[in-house]
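Enquirer: For what it's worth, this note's numbering labels the leading residue of the sequence shown as 61, then goes sequentially.
Heads up, the beta-carbon is just placed ideally off N, CA and C, and yes, glycines get one too.
In this text, all values refer to a predicted model and were calculated from it rather than measured experimentally.
Next up is a structure, given as structure tokens.
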Amino acid sequence: VNGRSWHFSLDDNPFLSEKVKSELKSQYTGLWKLRYIDGLWVAAEGSIYDMFDEAKHVVHSLPSRWHRIHVGVDFGISTVTCYLSIGLAADGEYSGKWIVFNEYYYDAEKKQRQRTVSEHSQQMREHLKKPDGNIWFPQTIEVDPSASPLKVQLRRDGFQGMMRDADNEVKAGIMVVANAIATGRLLVHESCVNLLQEIPGYVWDAKAQEYGEDQPIKQNDHACDALRYACKRIFKGG
């Protein structure tokens with residue numbers, strides 16, 4: 061059977077200005093750059109955040125002030141509950157950058173004890189405690205949409221004005237996080253050890269690819285999920 065194939069990249073589009081092309085190129089990285097910019101429909105495989113470089117993205121100091129703070133929450137009674145605070149630095153050498161600066165990570169299996177929903181809610185107050193003992197008031201707390209018991213308890217404990225159901229669209233959220241990392245807008249403080257351990261092992265599911273689906277392997281991904289929830293709110297404007 062005779063066949064023909066044509067390959068087009070973004071640069072082949074005669075209707076887009078160079079400015080628009082440049083803006084589009086800046087929005088995609090890794091897998092999505094290959095697909096949407098270079099026109100190569102490659103399989104999703106390997107490390108999802110392969111653009112993450114500890115030398116570039118891990119910081120060892122924090123600003124004295126934040127412009128805004130958002131919290132991402134992944135919840136599990138019998139597994140892991142994770143809170144990540146991400147702040148927009150208002151001063152210091154990372155001014156203008158978003159930094160994951162505080163992590164709460166409770167693994168019920170490793171601790172061999174489940175914490176109650178009330179205990180997890182109280183830990184939110186501890187998580188938001190400033191060095192001087194006062195409380196940070198984040199703009200939003202982005203909670204796993206399926207975590208109904210925790211949402212109810214957080215509202216009872218005074219967080220109702222900040223609560224949001226997180227956007228749990230996985231592929232779109234991963235794209236947002238990947239772009240923020242690749243463009244240097246998102247950094248991680250060295251104290252967030254569980255997130256830093258998860259990122260290298262956050263990989264695409266090869267079996268899902270057999271069915272044409274882009275999905276991460278659902279294993280050791282609780283901090284990455286919390287990161288995705290917060291970043292979807294922070295960077296929702298692109």
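1. Given this structure, state the Cα-to-Cα distance separating Gln279 from Tyr262, to the nearest angstrom.
2. Helix, strand or coil, according to DSSP, for Ile301 in the structure here?
3. In three-state DSSP terms, what is Tyr262?
4. Look at the alpha carbon of Pro249 and the alpha carbon of Ser181, and state the distance between them as a whole number of angstroms.
5. Going by beta carbon distance, what residues of the same chain come within less than 7 Å of Gly156, once the five residues before and after it are set aside?
6. Can you say whether Lys116 is buried or exposed, counting buried as having 16 or more other CB atoms within 10 angstroms of its CB?
7. What do you get for Lys171, buried or exposed, if any count of 16 or more other CB atoms within 10 angstroms of its CB means buried?
8. Measuring CA to CA, which of Thr176, Val160, Phe161 is closest to Asp167?
9. What residue range does the alpha helix (DSSP H) around Cys142 cover?
10. Could you name the residues of the same chain whose beta carbon sits closer than 8 Å to that of Gly152, not counting the 5 residues immediately before and after it, in chain order?
11. Specify whether the segment 202–211 and the segment 123–139 touch according to this definition: at least 3 beta carbon pairs, one from each stretch, less than 8 Å apart.
12. Once DSSP output is grouped into helix, strand and coil, what is the label at Pro209?
13. According to DSSP, what are the bridge partners of Leu70?
14. Would you please verify whether the beta carbon of Val119 is less than 8 Å from any beta carbon of chain C?
15. Go through its chain and collect everything with a Cβ distance to Arg245's Cβ below 7 Å, but skip five positions before and after it.
16. Below 8 Å on the Cβ atoms is my contact criterion, and I expect Ile234 with Val131 to pass it. Report the Cβ-Cβ distance as a whole number of Å.
17. What residues in its chain sit with their C-beta under 6 Å from that of Tyr165, if we drop five residues either side in the sequence?
18. Report yes if the C-beta distance between Ala290 and Ile146 is below 8 Å; otherwise report no.
19. Beta carbon of Val230, beta carbon of Gln275: below 8 Å?
20. Taking Cβ to Cβ, would you say Leu188 is nearer than 8 Å to Pro198?
21. Expressed to the nearest angstrom, what Euclidean distance is found between the alpha-carbon atoms of Asp324 and Val80?
22. If distances are taken between C-alpha atoms only, which option among Ile277, Ile259, Asn162 comes closest to Pro191?
23. Starting from Gly132, follow its DSSP beta bridges and name the residues at the other end.
Expert: With the structure as the only source:
1. 8 Å
2. The chain is shown only over 61 to 298; residue 301 falls outside these bounds and no answer can be derived.
3. Looking at Tyr262 - three-state DSSP - the assignment turns out to be coil, as it is neither helix nor strand.
4. What sits at residue 249 in the sequence shown is His, not Pro. Rounded to whole angstroms, His249 to Ser181 spans 24 Å at the Cα level.
5. Ala149
6. exposed
7. exposed
8. Distance check between Asp167 and each of Thr176, Val160, Phe161 places Thr176 closest, using alpha-carbon atoms only.
9. Looking at the DSSP string, Cys142 is not in any alpha helix (DSSP H); the run it does join, the beta strand (DSSP E), is 140–149.
10. Same-chain partners within the cutoff: Ser121, Leu122, Pro123, Ser124.
11. Contact holds between the segment 202–211 and the segment 123–139, because three or more Cβ pairs, one in each stretch, are under 8 Å apart.
12. helix
13. Paired residue(s): none; Leu70 is not in a bridge.
14. The question asks about chain C, but that chain is absent: this structure has only one protein chain.
15. The beta carbon of Arg245 sits closer than 7 Å to those of Lys157, Trp158, all from its chain and outside the five residues before and after it, given in chain order.
16. Between Val131 and Ile234 the Cβ distance is about 19 Å, and since that is not below 8 Å, they are no contact.
17. Cys142, Asn254
18. yes
19. yes
20. yes
21. Outside the shown range of the chain (61 to 298) lies residue 324, about which nothing can therefore be said.
22. Asn162
23. DSSP output for Gly132 lists Leu144, Glu202 as bridge partner(s).
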